[in-house]
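Right, one structure below, let's go through it.
Chains as they are written, first to last, in this note's numbering: chain A, 79 to 292; chain B, 3 to 216.
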């Protein structure tokens, strides 16, 4: 039996970063396994058992069970490690936090997925990834700004850290680094992001702090 | 006072919520937001949903919820009869993984905006049907493999869950809209037919709704 949880991760994968943040916040000890997406390691035969969906993150439990999909992994960790809660008790607020995460997970992240880019490149000769993502995500960042205006305190939802923060930081960080996001256009996002990104659990999870960072 | 579901007959995301409301016998009224007529772009609907997409669910107490998976889990919590999530935490994570995969790796890839982007940037024109075909076939074939490991009578074990509702709505929408044929995916179609036999869910299909286009 494995001694610790094992997380398959890539330094620049924002979906992996979400789980790294959550594991840090909940002080869960884990063993990272690095998968180089750029070199296509996720698609290789060597990893087909470990990565059933050929993607990161994948969480291997001590008994060998493999969990995939960052939202599903996040909810599992929240249930198994309830100290340092990341979802509010109140059902409506909980739904709002989940809704915020889903806006990022299904409303934003798919449009910057490598698999999406590779497919578009079959059609568009000089595909400008940055222009495409900026195009697709402009209204999404405006939506996040509106929601944060209604709900924020120090963090996305009030003064306690929630899953919303674990999804927001990687999305914003990646957009700034790779897609030229001008965060000053979204002052509430900027304020919350600045309150979060230097907290140890968030800082230690960011791409340039990972052992596989290049 | 009952729930109000804002959605449209041709929206598979709306169908998910309608199916859950009907399955759990929760009273609700529907307000049609016809995206073919761009009814989601009104100022009125903007007050309901900041991103002006469907569905949105207003609770009897007046709270507005967005994002189908957040709404689904809210309904599960407030109305636990006819449960759609298993008790077992691993199975729950497996159900969520299937739901999240459809929500973030199949449905968003159908986005008309992607086709429009490709056609304004490429000599090679992309038919929307071909975009749907590519992502649905890829996604459904991945699910076919993953549910072979978890299925019983339904996709995770022997009870209906949110995963099955998601699979059903996705297959139904692709079949209805573009006549896609998933016959080669035996596990998926087996699940589809088992769900189709549940009267409340079959009758939640878009084709039976008042606002289904003639």
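By construction, the Cβ of each residue, glycine as well, lies at the ideal position given by its N, Cα and C atoms.
Neighbour flag for residue i against chain B, beta carbons, 8 Å
{"i": "residue 176(A)", "result": "yes"}
{"i": "residue 181(A)", "result": "yes"}
{"i": "residue 163(A)", "result": "no"}
{"i": "residue 158(A)", "result": "yes"}
{"i": "residue 302(A)", "result": "Residue 302(A) falls outside the range modelled here, since chain A spans only 79 to 292, and no answer is possible."}
{"i": "residue 201(A)", "result": "yes"}
{"i": "residue 170(A)", "result": "yes"}
{"i": "residue 262(A)", "result": "no"}
{"i": "residue 109(A)", "result": "no"}
{"i": "residue 86(A)", "result": "no"}
{"i": "residue 224(A)", "result": "yes"}
{"i": "residue 221(A)", "result": "yes"}
{"i": "residue 173(A)", "result": "yes"}
Sheet register partners of residue i (DSSP bridge)
{"i": "residue 83(A)", "result": "108(A)"}
{"i": "residue 153(B)", "result": "159(B)"}
{"i": "residue 67(B)", "result": "59(B)"}
{"i": "residue 33(B)", "result": "8(B)"}
{"i": "residue 145(A)", "result": "137(A)"}
{"i": "residue 230(A)", "result": "236(A)"}
Cβ-based burial, residue i [other Cβ within 10 Å; buried from 16]
{"i": "residue 174(A)", "result": "buried"}
{"i": "residue 294(A)", "result": "The requested residue 294(A) does not occur in the structure, where chain A is confined to residues 79 to 292."}
{"i": "residue 210(A)", "result": "buried"}
{"i": "residue 99(A)", "result": "buried"}
{"i": "residue 172(A)", "result": "buried"}
{"i": "residue 301(A)", "result": "Given a span of 79 to 292 for chain A in the structure shown, any question on residue 301(A) remains unanswerable."}
{"i": "residue 247(A)", "result": "buried"}
{"i": "residue 188(B)", "result": "exposed"}
{"i": "residue 205(B)", "result": "exposed"}
{"i": "residue 217(B)", "result": "Residue numbering for chain B in the displayed model covers 3 to 216; residue 217(B) lies beyond these limits and cannot be assessed."}
{"i": "residue 194(A)", "result": "buried"}
{"i": "residue 122(B)", "result": "exposed"}
{"i": "residue 153(A)", "result": "buried"}
{"i": "residue 91(B)", "result": "exposed"}
{"i": "residue 182(A)", "result": "buried"}
{"i": "residue 109(B)", "result": "buried"}
{"i": "residue 160(B)", "result": "exposed"}
{"i": "residue 9(B)", "result": "buried"}
CB contact flag (residue i, residue j, <8 Å)
{"i": "residue 20(A)", "j": "residue 108(A)", "result": "Any question about residue 20(A) goes unanswered here, given that chain A covers just 79 to 292."}
{"i": "residue 176(B)", "j": "residue 134(B)", "result": "yes"}
{"i": "residue 38(B)", "j": "residue 23(B)", "result": "no"}
{"i": "residue 158(A)", "j": "residue 223(A)", "result": "no"}
{"i": "residue 166(A)", "j": "residue 86(A)", "result": "no"}
{"i": "residue 54(B)", "j": "residue 43(B)", "result": "yes"}
{"i": "residue 148(B)", "j": "residue 213(A)", "result": "no"}
{"i": "residue 25(B)", "j": "residue 209(B)", "result": "no"}
{"i": "residue 190(B)", "j": "residue 145(B)", "result": "yes"}
{"i": "residue 69(B)", "j": "residue 176(A)", "result": "yes"}
{"i": "residue 93(B)", "j": "residue 158(B)", "result": "yes"}
{"i": "residue 129(A)", "j": "residue 88(A)", "result": "no"}
{"i": "residue 156(B)", "j": "residue 164(B)", "result": "no"}
{"i": "residue 250(A)", "j": "residue 259(A)", "result": "yes"}
{"i": "residue 4(B)", "j": "residue 57(B)", "result": "no"}
{"i": "residue 147(A)", "j": "residue 185(A)", "result": "no"}
{"i": "residue 274(A)", "j": "residue 243(A)", "result": "yes"}
Chain A within 8 Å of residue i, Cβ atoms only
{"i": "residue 106(B)", "result": "yes"}
{"i": "residue 17(B)", "result": "no"}
{"i": "residue 165(B)", "result": "no"}
{"i": "residue 1(B)", "result": "Only positions 3 to 216 of chain B appear in this structure, which leaves residue 1(B) out of reach."}
{"i": "residue 182(B)", "result": "no"}
{"i": "residue 20(B)", "result": "no"}
{"i": "residue 2(B)", "result": "Chain B is shown from 3 up to 216; residue 2(B) falls before or after that span and cannot be answered."}
{"i": "residue 169(B)", "result": "no"}
{"i": "residue 146(B)", "result": "no"}
{"i": "residue 1(B)", "result": "Residue 1(B) lies beyond the range of chain B shown here (3 to 216); nothing can be said about it."}
{"i": "residue 75(B)", "result": "yes"}
{"i": "residue 71(B)", "result": "yes"}
{"i": "residue 80(B)", "result": "yes"}
{"i": "residue 83(B)", "result": "no"}
{"i": "residue 153(B)", "result": "no"}
{"i": "residue 5(B)", "result": "no"}
{"i": "residue 103(B)", "result": "yes"}
{"i": "residue 56(B)", "result": "no"}
Problem - Members of the segment 128–144 of chain B near chain A, C-beta cut-off 8 Å - result: For the segment 128–144 of chain B, the beta-carbon criterion of a distance under 8 Å to any beta-carbon of chain A is satisfied by 128, 136, 144.
Problem - Interface residues of the segment 109–126 of chain B facing chain A [CB-CB below 9 Å] - result: Residues 109, 110, 111, 113, 115, 116, 119, 120, 121, 123, 124, 125, 126.
Handout entry: Near-chain B residues of the segment 187–198 of chain A (beta-carbon distance less than 9 Å), N- to C-terminal order
Key = Per Cβ criterion, the list reads 187, 188, 189, 191, 193, 194, 197, 198.
Practice task
Could you run through the segment 22–53 of chain B and flag, in chain order, every residue whose CB is less than 8 Å away from some CB of chain A?
Solution key: Cβ contacts with chain A: 52, 53.
Exercise for the section: Pull out every residue of the segment 189–216 of chain B whose Cβ sits closer than 7 Å to any Cβ of chain A, in chain order. Expected result: Cβ contacts with chain A come from no residue of the segment 189–216 of chain B.
Problem - Interface residues of the segment 122–135 of chain A facing chain B [CB-CB below 7 Å] - result: Taking a C-beta cut-off of 7 Å against chain B, the contacting residues of the segment 122–135 of chain A are 130, 131, listed in chain order.
Handout entry: Residues from the segment 202–219 of chain A in contact with chain B, defined by Cβ distance under 8 Å
Key = Listed in sequence order: 202, 203, 205, 210, 213, 214, 217, 218.
Handout entry: Contact list for the segment 256–286 of chain A against chain B, Cβ threshold 8 Å
Key = Within the segment 256–286 of chain A, no residue places its CB atom closer than 8 Å to a CB of chain B.
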